[in-house]
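The structure appears below as structure tokens.
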DNA sequence: GTAATATGTTAGACAAATCTAACTTTTTTT
DNA sequence: AAAAAAAGTTAGATTTGTCTAACATATTAC
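Residue numbers (the working numbering), protein chains in the order written: chain A, 1 to 231; chain B, 232 to 462.
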């Protein structure tokens with residue numbers, strides 16, 4: 001067998017891979033003031049706290065986070081930018097997988113989780129082009145621009161709506177395959193218009209109507225994970 | 232900022248990543264009898280020999296290679312299959328990048344080198360489907376099927392052709408960006424028909440005609456990297 | 001057939017990312 | 001305000017993949 005492709009330099013981007021996962025988690029966990037507790041981060045990444053502490057020191061030394069003992073961590077501007085680039089790659093990928101490859105929105109997260117670490121500006125540039133420069137990913141989350149800027153509409157949770165409201169489904173919180181499959185099973189997708197028919201006072205179960213479904217019941221758990229805007 | 236995508240399990244396929252690079256290199260370097268020297272492997276991967284030796288022991292323990300001290304290494308059937316799957320993913324990706332994303336054949340190798348490690352049968356299944364189950368990658372190398380089987384035509388090097396031969400360019404050996412850019416600059420692409428006009432006996436420079444070019448000179452180095460079939 | 005060279009292995013060190021156990025600081029409860 | 005709980009850190013061990021230096025075996029050259 002001829003050794004085609006003998007020119008095969010081994011590129012290892014493992015340094016980034018791990019660092020990138022920390023940065024992304026920090027970005028996603030940041031509250032309004034940008035703070036993240038080591039404990040939360042540890043839970044999110046499923047990495048024990050001492051390991052996280054030591055990594056925070058390392059990221060601190062690289063000026064990617066502000067770190068002081070016993071205080072919550074904050075991404076620096078540099079760190080925020082790097083994190084946003086990764087999230088941009090993740091969300092562009094999700095959009096590409098759904099729109100251009102026909103993969104279901106319940107399956108794209110896991111794939112994007114891997115693709116987001118690919119180092120190739122050209123690759124993501126092409127995705128962006130082919131998609132027509134989308135602003136939102138398939139779950140309604142905003143795609144940061146190349147500088148890491150991201151405009152965020154403050155949507156309302158369906159569980160905060162009142163009887164009689166007519167609303168449009170614009171985003172989902174929690175992109176677990178199970179939850180998205182549940183939404184599929186009820187024909188619930190982004191852009192759908194619904195009307196709140198009834199809210200059970202006891203457990204906040206919401207009864208809604210939409211499309212051909214005149215009376216569908218959604219638990220509070222579901223209602224809290226659906227973001228909507230008034231029509 | 233709302234923590235959308237809070238469900239974000241960190242998947243680390245680093246074990247595979249490194250192992251996969253060894254397997255791929257072993258596959259690509261295998262000669263007719265399937266043997267690879269530790270030294271070659273070391274050169275290919277740019278990893279020092281002792282490291283390679285110890286990895287061969289590890290792969291041996293996992294029944295991915297046959298390893299005996301001071302002897303060349305051979306992939307086991309299991310190892311060959313795993314390697315072929317990675318090469319399949321690599322080549323499918325290259326084809327996808329060229330055909331569906333409009334990326335130049337000189338740029339796809341580096342991206343595919345990263346994408347090939349993605350763990351998602353669905354992702355590669357979709358690529359295959361969208362491409363119409365291609366048998367060859369953009370450089371003319373065969374894409375192994377899902378079981379790792381790969382049919383290989385034994386092509387001839389352009390440098391072995393004689394004056395008067397009419398040939399078709401079917402594959403390139405060496406997929407370095409520099410070489411492919413050189414081919415681009417001469418309008419040399421797969422499928423192109425050429426005629427051998429003259430071979431300089433002194434240095435084996437080949438003069439060919441094709442398309443609008445009546446007399447293009449190609450060095451032996453180039454001729455050895457172009458695989459052709461007689462028309 | 002021995003010497004020289006190339007190839008391959010062993011031993012031991014090192015860096016990175018992880019862990020557990022023990023300790024410290026901060027926050028919450030009462 | 002003291003005790004209890006939660007959060008965070010330190011110290012030290014472990015694993016993995018890498019390295020260098022030194023040694024062993026094969027191959028090639030003469």
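Here a beta-carbon is modelled for each residue, glycine too, at the ideal position from N, C-alpha and C.
Worksheet item: Mapping DSSP to helix, strand and coil, what is residue 233 of chain B?
Response: Numbered from its first residue, the second chain carries residue 233 of chain B at position 2. With a pLDDT of 32 at residue 233 of chain B, under the threshold of 50, the modelled position of that residue is not reliable, and no figure is offered here.
Could you please give the first and the last residue of the uninterrupted beta strand (DSSP E) stretch that includes residue 170 of chain A?
Working through the first chain from its first residue, we reach residue 170 of chain A at position 170. Per DSSP, residue 170 of chain A belongs to the beta strand (DSSP E) from 166–172.
field: alpha helix (DSSP H) segment containing residue 207 of chain A, residue limits
entry: Within the first chain, numbered from 1, the residue matching residue 207 of chain A stands at position 207. Element bounds for residue 207 of chain A: not the alpha helix (DSSP H) but the beta strand (DSSP E), 206–210.
- Query: Which stretch, first to last residue, makes up the beta strand (DSSP E) that contains residue 429 of chain B?
  - Reply: Against the second chain, residue 429 of chain B aligns to sequence position 198. Here the beta strand (DSSP E) through residue 429 of chain B covers 424–430.
Mind checking residue 230 of chain A: buried by the 16 CB within 10 Å criterion, or exposed? By one-based count along the first chain, residue 230 of chain A stands at place 230. Looking at its Cβ environment, which holds fewer than 16 other Cβ atoms inside 10 Å, residue 230 of chain A is exposed.
Q | Ranges of the alpha helix (DSSP H) found wholly within the stretch 87–139 of chain A, counting only runs of at least 4 | A | Listed in chain order, the complete alpha helix (DSSP H) runs (minimum 4 residues) inside the stretch 87–139 of chain A are 108–115 and 121–131.
Note to self: Excluding the 5 residues flanking residue 192 of chain A on each side, which residues of the same chain have their C-beta closer than 8 Å to its C-beta?
What the structure shows: Here residue 192 of chain A is taken as the residue at index 192 of the first chain, counted from 1. Within its own chain, the residues whose Cβ lies closer than 8 Å to the Cβ of residue 192 of chain A, once the five positions on either side in sequence are excluded, are 168, 169, 210 and 211, listed in chain order.
Among B:328, B:390 and B:314, the one whose alpha carbon lies nearest that of residue 377 of chain B:
Numbered from its first residue, the second chain carries residue 377 of chain B at position 146. Ranking B:328, B:390 and B:314 by Cα distance to residue 377 of chain B puts B:314 first.
Compare the C-beta of residue 457 of chain B against all C-beta atoms of chain A and say whether one is closer than 8 Å.
Here residue 457 of chain B refers to the residue found at position 226 when the second chain is read from its first residue. For residue 457 of chain B, the nearest beta carbon of chain A is not closer than 8 Å to its own beta carbon.
Discussion item. Could you check whether the Cβ of residue 202 of chain A sits closer than 8 Å to any Cβ belonging to chain B?
Written reply: Taking the first residue of the first chain as 1, we reach residue 202 of chain A at position 202. Not an interface residue.
_Rounded to whole angstroms, what is the Cα-Cα separation between residue 408 of chain B and residue 421 of chain B?_
Within the second chain, numbered from 1, the residue matching residue 408 of chain B stands at position 177. Within the second chain, numbered from 1, the residue matching residue 421 of chain B stands at position 190. Across the structure, residue 408 of chain B and residue 421 of chain B are spaced so that their CA atoms are roughly 16 Å apart.
Residue 296 of chain B vs residue 284 of chain B beta-carbon contact at 8 Å
Mapped onto the second chain, residue 296 of chain B falls at position 65. Mapped onto the second chain, residue 284 of chain B falls at position 53. Inclusion of residue 296 of chain B and residue 284 of chain B in the CB contact set at 8 Å is not warranted, their separation being larger than that value.
- Message: Does the CB of residue 330 of chain B have a neighbour CB from chain A at under 8 Å?
- Response: Position 99 of the second chain, counted from the first residue, corresponds to residue 330 of chain B. At a cut-off of 8 Å between beta-carbon atoms, residue 330 of chain B makes no contact with chain A.
Using a Cβ-Cβ distance cut-off of 8 Å, determine whether residue 145 of chain A contacts chain B.
What you label residue 145 of chain A is simply residue 145 of the first chain in a count that begins at 1. Answer no: the Cβ-Cβ gap between residue 145 of chain A and chain B never drops below 8 Å.
Which stretch, first to last residue, makes up the beta strand (DSSP E) that contains residue 150 of chain A? For this step, residue 150 of chain A is matched to residue 150 along the first chain. Per DSSP, residue 150 of chain A is not a residue of any beta strand (DSSP E), being assigned neither H nor E.
- Query: residue 357 of chain B versus chain A: which residues are under 9 Å apart at the beta carbon?
  - Reply: Position 126 of the second chain holds residue 357 of chain B. Neighbours of residue 357 of chain B in chain A, taken as residues whose beta carbon is under 9 Å from its own, are 97, 101, 102 and 103 in chain order.
Margin query: So that I know if they touch, is there some Cβ in chain B lying closer than 8 Å to that of residue 19 of chain A?
Written below: Indexing the first chain from 1 puts residue 19 of chain A at position 19. Chain B contact via Cβ: absent.
Item to complete: Just tell me which of A:205, A:171 and A:90 has its CA closest to the CA of residue 226 of chain A.
Response: For the purposes of this step, residue 226 of chain A is identified with residue 226 of the first chain, where counting begins at 1. Closest option to residue 226 of chain A, Cα to Cα, is A:171.
query = Comparing the C-beta of residue 115 of chain A with each C-beta of chain B, is any distance below 8 Å?
reply = Here the question's residue 115 of chain A lines up with position 115 in the first chain. Answer yes: the Cβ-Cβ gap between residue 115 of chain A and chain B drops below 8 Å somewhere.
- [ ] Quick one: residues in its chain with C-beta nearer than 7 Å to the C-beta of residue 155 of chain A, no 5 flanking neighbours on either side, listed in chain order?
- [x] Counting from 1 along the first chain, the entry for residue 155 of chain A is found at position 155. Only 170, 171, 227, 228 and 229 meet the Cβ criterion.
Worksheet item: What residues match up with residue 73 of chain A in a beta bridge as DSSP calls it?
Response: Taking the first chain and counting its residues from 1, one reaches residue 73 of chain A at position 73. DSSP, once it has assigned bridges, lists A:36 as partnering residue 73 of chain A.
Item to check | Euclidean distance between Cα positions of residue 317 of chain B and residue 271 of chain B | outcome: For the purposes of this step, residue 317 of chain B is taken as the residue at position 86 of the second chain. For the purposes of this step, residue 271 of chain B is taken as the residue at position 40 of the second chain. Residue 317 of chain B and residue 271 of chain B have their C-alpha atoms some 20 Å from each other.
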